[in-house]
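A.B. asks: Going line by line, the protein sequences match chains A and B.
Counting from 865, one number per residue, gives the positions in the first sequence under my numbering.
Counting from 25, one number per residue, gives the positions in the second sequence under my numbering.
Heads up, the beta-carbon is just placed ideally off N, CA and C, and yes, glycines get one too.
Just so it is clear, the structure is predicted and the values come from calculations on it, not from any experiment.
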Amino acid sequence: MSREEVDVAVIGGGPAGLAAAVKAREAGLDNVIVIERSEYLGGLLDQCIHNGFGLFYFGEDLTGPEYGRRFIEKASDLGVKSLLNSMVVRLSPDRKLLISSHTGLTSLSAKSVVLAMGCRERTRGSLCLSGTRAAGILTAGTAQRYVNIYGYIPGREVVILGSGDVGMIMARRLTLEGATVKAVVEVLPYVGGLIRNEVQCLYDFNIPLLLEHTVTEIHGKERVEAVTVARVDKKWNPIAGTERVITCDTLLLSVGLIPENELSRSIGVELDPVSGGPVVDSAMETSLSGIFAGGNVLHVNDLVDNVSREAELAGASAAAFAKEEIKQRKPRVRLIAGENVRYAVPQVVSIGDDVTLSVRVREPAENVRLKVGNIINQSLRVVKPSQIVPVIVTAEDWSKINGVVYEMLISCESRR
Amino acid sequence: MTKPEIICVGCPLGCRVTLTVGPDSRIENMAGNRCREGEKYVAAEFQNPARVFTATVLTESGDRRLLPVKTDRPVPKSRLKELSRAVAGMRIKPAVGIGQEIAHDILGTGANLVSTGTLSG
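Given below as structure tokens:
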């Protein structure tokens, strides 16, 4: 078994991993390696052929493949190494990696590690959907891969459960490819994805949107033949008597994404049960020294632009750690989710650090005050669970801290 | 006089904006928007709703079965399905670079269809 030593090992070659590796290389480290389990770099971006990427990061409206290409080329120009078709099967807290590939097992020792494994889709299993196990039930992302990479149209008459962005994007895509999307069914009273997708993917094509509805049963033996949908009450329980059957041959699921942290968990990285990702500090360092995280492995972002920004910070910090440049630790505060806040990342912040918090709210609300302890108090016109609220904390804000603080409440209060 | 409704996508507020439109298709009044930016967006969306069209085309290469493409500028929303049918009949030969023109002034929209990926032999 061969052994190698590197400066920074980045696990995952999607947008997060590439951004982290580029930053680490730009920090002057020679030996930066990206380990990617699929056959190419760029992760999910290649199948996201629609536009809307890069508006914040590049100030341009790019498609997924174009956005990905920029980072792949930059990484390649800078001499970032990559291992494709290679999966990290074991990681240890002292930053040794065991990698499985077609050449067998390889062992790698890294001065620092960036976790950039991204996220995966929730499947039927996590919904407890009753009915048969007929063909034609797949996640929206799998359908996207079939249509945009392999050129297979998964069905002719489609119902989509959940109104996440991938689901809405696929509603449009399948419509343009000649399929009929009979309904997008959402359990909440509002759409799960971005407003522009609601308008440009659903309303542009007159695709029926059933809010406060769910699929209660799947029919069909060999192949999906229909689904039963019903209105739900406030607790998401189907209301008897509101059921109706929609004939279809395909059911797509767009019901949420889960950060992929099996590897993190295996070495005891502290995870945030709400965000689903590692607890990190303002340098994107996890609870284990020298192990950093960025992108959707940390929490599910709304935009790839934010993934890149977060992962760049993880990459820069990993480089600083590898160069033993990490400054003396400053006192830290832990952020606690308060009113209408689901989570904030990073969860632990060093006092005095310039930091951008990614805040995810629970419910949509208008005219709110976003507060972080006594140091931030800003008014926001609107907040929605589908959009991360970026909160910038500067040295000036930190100067408002009095005395010793260990915890700060972050809240999003409705103005009454 | 008609009263179309347009949802603004400028920010997460998603204002439902009602227009009062005169017989000459001129916007006489706008209600429901909460900012000036929204006003601009809604006026443009009413006069010429346009979208960047994205799709894939079949390739004649073992490198990849499909090549992603887009129009290099927004095209009228009403023509998206027509464009989709047009690209369904295309076959692309390698080599193609990112940004390379695949079809000039596609269907007379004034937009060019360009590759958003690379295709080798």
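Suppose the cutoff is 6 Å on Cβ atoms and the five residues either side in sequence are ignored; what does the same chain contact list for G62/B look like?
C.D. replies: So the qualifying residues of the chain are C32, G34 and C39.
A.B. asks: May I ask you to verify whether the stretch 964-976 of chain A touches the stretch 1073-1093 of chain A, counting CB pairs closer than 8 Å and requiring at least 3?
C.D. replies: no
A.B. asks: Give the interface partners of L1040/A over in chain B, defined as CB-CB distance under 8 Å, in chain order.
C.D. replies: A79, L104, K105 and S108
A.B. asks: Where do the N-terminal and C-terminal ends of the alpha helix (DSSP H) with M1032/A fall, by residue?
C.D. replies: Where M1032/A is concerned, the enclosing alpha helix (DSSP H) stretches over D1029 to L1040.
A.B. asks: At a Cβ cut of 8 Å, what residues of the stretch 882-914 of chain A count as close to chain B, listed as they run along the chain?
C.D. replies: Residues D910, I913 and H914.
A.B. asks: DSSP on G923/A, reduced to helix/strand/coil?
C.D. replies: In the three-state reduction of the DSSP assignment, G923/A falls in the coil class, being assigned neither a helical nor a strand state.
A.B. asks: Quick one: which chain B residues come within Cβ less than 9 Å of E930/A?
C.D. replies: P92, K94, I122, G123, T140 and G141
A.B. asks: Provide the residue span of the beta strand (DSSP E) that contains T80/B, from first to last.
C.D. replies: T78 to T83
A.B. asks: Output needed for I130/B: all residues of its chain with C-beta closer than 6 Å, excluding positions within five of it in sequence on either side, in chain order.
C.D. replies: Here the set comprises L137.
A.B. asks: For the putative contact between V1284/A and V944/A, defined by C-beta atoms under 8 Å, what is the C-beta separation to the nearest angstrom?
C.D. replies: Outside the displayed range of chain A (865 to 1280) lies residue 1284/A, so it cannot be described from this structure.
A.B. asks: Under 7 Å Cβ-Cβ, which residues of chain B neighbour R1245/A?
C.D. replies: Near R1245/A (Cβ distances below 7 Å), the residues of chain B are L37.
A.B. asks: Do the stretch 68-82 of chain B and the stretch 92-104 of chain B touch if we need at least three Cβ pairs shorter than 8 Å?
C.D. replies: Touching, per the Cβ criterion.
A.B. asks: Beta carbons nearer than 7 Å to chain B: which residues of the stretch 1228-1254 of chain A have them?
C.D. replies: R1245, V1246, K1248 and Q1251
A.B. asks: Closest to S1305/A by CA distance: which of I1215/A, A1229/A and L1234/A is it?
C.D. replies: Residue 1305/A lies beyond the range of chain A shown here (865 to 1280); nothing can be said about it.
A.B. asks: Is C35/B helix, strand or coil when you go by DSSP?
C.D. replies: Coil at C35/B, not helix or strand.
A.B. asks: Counting beta carbon pairs with one atom in the stretch 1117-1134 of chain A and one in the stretch 979-999 of chain A, are three or more of them shorter than 8 Å?
C.D. replies: Yes, the stretch 979-999 of chain A is in contact with the stretch 1117-1134 of chain A.
A.B. asks: Nearest chain B C-beta to T1006/A closer than 8 Å, yes or no?
C.D. replies: For T1006/A, the answer is no, since every Cβ of chain B falls outside 8 Å of its Cβ.
A.B. asks: Can you tell me where the beta strand (DSSP E) with Q124/B in it begins and where it stops?
C.D. replies: Premise fails: Q124/B is in no beta strand (DSSP E) and is neither H nor E.
A.B. asks: Tell me which residues share the same chain as I1215/A and place their Cβ nearer than 8 Å to its Cβ, disregarding the 5 neighbours each side in the sequence.
C.D. replies: K1194, P1195, R1196, V1197, W1262, I1265 and V1269
A.B. asks: Which residues mark the beginning and the end of the alpha helix (DSSP H) in which E61/B is found?
C.D. replies: R60 to Q71
A.B. asks: 8 Å is my cut-off, CB to CB: does R89/B come that close to chain A?
C.D. replies: Interface residue, yes.
A.B. asks: Quick check: what's the CA-CA separation for G1158/A versus L942/A?
C.D. replies: Approximately 20 Å, taken between the alpha carbons.
A.B. asks: Kindly indicate the opening and closing residues of the alpha helix (DSSP H) around K105/B.
C.D. replies: L104 to A112
A.B. asks: List the residues of chain A whose Cβ lies closer than 9 Å to the Cβ of I31/B, in chain order.
C.D. replies: I1059, E1062, V1063 and Y1067
A.B. asks: Using only the alpha-carbon positions, how far apart do C59/B and V41/B sit?
C.D. replies: Spanning the two alpha carbons is a distance of roughly 11 Å.
A.B. asks: Going along chain B, which residues have a C-beta under 7 Å from T927/A?
C.D. replies: T78, P92, K94 and T140
A.B. asks: Closer than 8 Å, CB to CB, is K101/B near chain A or not?
C.D. replies: Cβ-Cβ to chain A under 8 Å: yes for K101/B.
A.B. asks: Which value, in whole angstroms, describes the spacing of the CA atoms of P118/B and A112/B?
C.D. replies: Here the alpha carbon of P118/B sits roughly 18 Å from the alpha carbon of A112/B.
A.B. asks: Find the residues of chain B that neighbour N1012/A, judging by a C-beta separation of less than 8 Å, and give them in chain order.
C.D. replies: T80, L90 and P92
A.B. asks: Report the option in I1033/A, G877/A, E1041/A and V1049/A whose CA atom is closest to the CA atom of V1063/A.
C.D. replies: I1033/A
A.B. asks: Would you mind reading off the limits of the beta strand (DSSP E) that contains A1259/A?
C.D. replies: Judged by DSSP secondary structure, A1259/A falls outside any beta strand (DSSP E) and instead within the alpha helix (DSSP H) spanning A1259 to W1262.
A.B. asks: So, R1206/A versus V1225/A, is the Cβ gap smaller than 8 Å?
C.D. replies: yes
A.B. asks: For the stretch 873-906 of chain A, list the alpha helix (DSSP H) runs that are entirely contained and at least 4 residues long, ordered along the chain.
C.D. replies: Runs found: 879-890.
A.B. asks: Just how far apart, CA to CA, sit G1154/A and V1232/A?
C.D. replies: 38 Å
A.B. asks: Does the count of Cβ pairs from the stretch 883-898 of chain A and the stretch 1137-1147 of chain A closer than 8 Å reach three?
C.D. replies: Of all C-beta pairs linking the stretch 883-898 of chain A to the stretch 1137-1147 of chain A, fewer than three are shorter than 8 Å, placing the two stretches out of contact.
A.B. asks: Enumerate in chain order the residues of its own chain whose CB-to-CB distance from N915/A is below 7 Å, with the five nearest sequence positions on each side excluded.
C.D. replies: D925, L926 and T927
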